[in-house]
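Q: Numbering (this note's numbering), first residue to last: 102 to 184.
Cβ coordinates follow ideal geometry from the N, Cα and C atoms, glycine included.
Note that this is a predicted model, so its numbers are computed, not measured.
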């Protein structure tokens, strides 16, 4: 049933190339939330939550839909970093 799946041994540990937050979302949040300096941790938290809420659902869907392509590139790079 699952013969076309990648075994867990083939999954690179802690790969930022395969983490949607790392390869896409954090840069969006940083750009929006850190556009102006925050004076407190609480104001930074509010800015991050606001930035998250403003990310279009389509952007999140595209990021997740891109995962199989990134997984294939990672396998082809034998777990090394790829662009």
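1) Residue 164 by DSSP, collapsed to three states: which one?
2) Would DSSP call residue 178 helix, strand or coil?
3) Let me know if residue 170 comes out buried or exposed under the rule of 16 or more other beta-carbons within 10 Å of its beta-carbon.
4) Whose CA, out of 178, 164, 144, 174, lies closest to the CA of residue 123?
5) Near residue 175, which residues of its chain fall below 7 Å by C-beta distance, leaving aside the five closest residues on each side in sequence?
6) What does the Cβ neighbour count give for residue 178, buried or exposed, with the cut at 16 atoms within 10 Å?
7) What is the rounded straight-line gap between the Cα of residue 133 and the Cα of residue 162?
8) Leaving aside the five residues before and after residue 168 along the sequence, list all residues of the same chain whose C-beta is less than 7 Å from its C-beta, in chain order.
A: Let's see:
1) helix
2) coil
3) exposed
4) 164
5) 113, 116, 118, 119, 183
6) exposed
7) 19 Å
8) 121
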